[in-house]
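Enquirer:
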């Protein structure tokens with residue numbers, strides 16, 4: 162079983178910055194990748210960014226150049242640094258952890274981000 166604990170988020174004006182953190186606790190297997198999805202009101206959940214245990218990263222086109230994902234695979238920690246935030250970034254952000262051994266995504270409870278003037 163994997164439990165994910167998210168922190169960060171909140172409200173910020175357009176152009177501002179926020180940082181989200183997520184740490185996963187696991188029992189007896191390794192996490193393959195961690196990352197973030199987001200879901201805006203009335204919209205489907207969409208991919209934001211991910212980090213493989215190898216260190217490789219991937220970003221949605223909408224956040225490239227503005228968001229950065231870093232972390233420590235040994236600590237099962239992932240951090241999403243969000244800069245130049247826009248109103249369209251407003252959403253609930255969900256941390257996930259992918260376990261290749263079981264082909265399963267585990268999810269955090271989500272943390273809200275609001276970008277508004």
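Residue numbers (our numbering): 162 to 278.
No residue lacks a Cβ here, since even glycine has one placed at the ideal position from N, Cα and C.
#1: Around the Cβ of residue 278, are there at least 16 other Cβ atoms within 10 angstroms (buried) or fewer (exposed)?
#2: Would you list, in sequence order, the uninterrupted beta strand (DSSP E) runs of no fewer than 3 residues that lie entirely inside the region 208-238?
#3: Whole angstroms is fine: what's the gap from residue 180's alpha carbon to residue 262's?
#4: Grab the span of the beta strand (DSSP E) containing residue 266 for me, first residue to last.
#5: How would you call residue 237, buried or exposed, if buried means at least 16 neighbouring beta carbons within 10 angstroms?
Expert: In short:
#1: exposed
#2: 218-220, 228-233
#3: In this model, residue 180 and residue 262 are separated by some 30 Å (Cα to Cα).
#4: 265-268
#5: buried
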